[in-house]
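Input: a single structure, listed below in C-alpha cells.
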Amino acid sequence: MFLTVKQKILITLLEKGALQNSDIAKRVGITEQWCSETINALYTEGLIESQFITPRRINKLTDRGVEVAKLLREINENVIKKTIETHNFVSQ
Numbered sequence: 206m207f208l209t210v211k212q213k214i215l216i217t218l219l220e221k222g223a224l225q226n227s228d229i230a231k232r233v234g235i236t237e238q239w240c241s242e243t244i245n246a247l248y249t250e251g252l253i254e255s256q257f258i259t260p261r262r263i264n265k266l267t268d269r270g271v272e273v274a275k276l277l278r279e280i281n282e283n284v285i286k287k288t289i290e291t292h293n294f295v296s297q
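Numbered by this note's numbering, the letters in the sequence shown go through residues 206 to 297 in order.
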C-alpha cells in the first residue's frame with residue numbers, strides 16, 4: 206500500500222516514540238521543511254502534540270493519533286499480506 210507522508214509520519218511516531226522533526230524527516234524520506242509543514246497539519250488535526258525545547262521541536266502522538274496510527278499500520282500490513290497471497294509470492 207502506498208502511504209501518504211502524513212500516514213508515514215504517524216506510523217513512525219507510533220513505532221519510534223517522540224522524535225524531532227529532523228529525525229522524522231530522515232526516517233520518512235522528506236525534507237525538514239516538508240516535515241515541518243506536515244507536522245503543523247497533523248497538529249491542527251489533533252493527531253500529534255509538540256514540545257518546543259529550543260531549538261528543537263519534539264513531536265509525539267496524541268491519544269487520537271495513536272488510535273489512527275495503529276489502524277493505518279494494521280490496514281497497511283493487511284494490504285501487503287493480501288497482495289503477497291494474491292500474487293503467490295509466498296512459497297506453498
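For each residue, glycine too, the CB sits at the ideal point set by N, CA and C.
Quick one: what's got a C-beta closer than 8 Å to residue i's C-beta in the same chain, skipping five residues either side?
i           : result
residue 277 : 208, 212, 215 and 216
residue 218 : 224, 229, 253, 264, 265, 266, 270 and 274
residue 235 : 210 and 243
residue 163 : Limits of the chain in this structure are 206 at one end and 297 at the other, which puts residue 163 out of reach.
Using only CA atoms, which one of the options lies nearest to residue i?
i           : options               : result
residue 220 : 243, 290, 272 and 292 : 272
residue 258 : 292, 226, 222 and 293 : 226
Ignore the nearest five residues each way along the sequence and tell me which others in residue i's own chain have a CB closer than 6 Å to its CB.
i           : result
residue 232 : 217
residue 261 : 225
residue 241 : 226
residue 285 : none
Among the residues of its own chain, which have a CB less than 7 Å from the CB of residue i, if the five just before and after it don't count?
i           : result
residue 256 : 263
residue 251 : 267 and 269
Within the continuous alpha helix (DSSP H) that includes residue i, where are the two ends?
i           : result
residue 215 : 210-221
residue 289 : 268-291
residue 235 : No alpha helix (DSSP H) contains residue 235, which DSSP labels as neither H nor E.
Which residue comes first and which comes last in the beta strand (DSSP E) that contains residue i?
i           : result
residue 254 : 253-258
Determine whether the Cβ of residue i lies closer than 8 Å to any Cβ atom of chain D.
i           : result
residue 284 : No chain D appears in this structure, which consists of one protein chain only.
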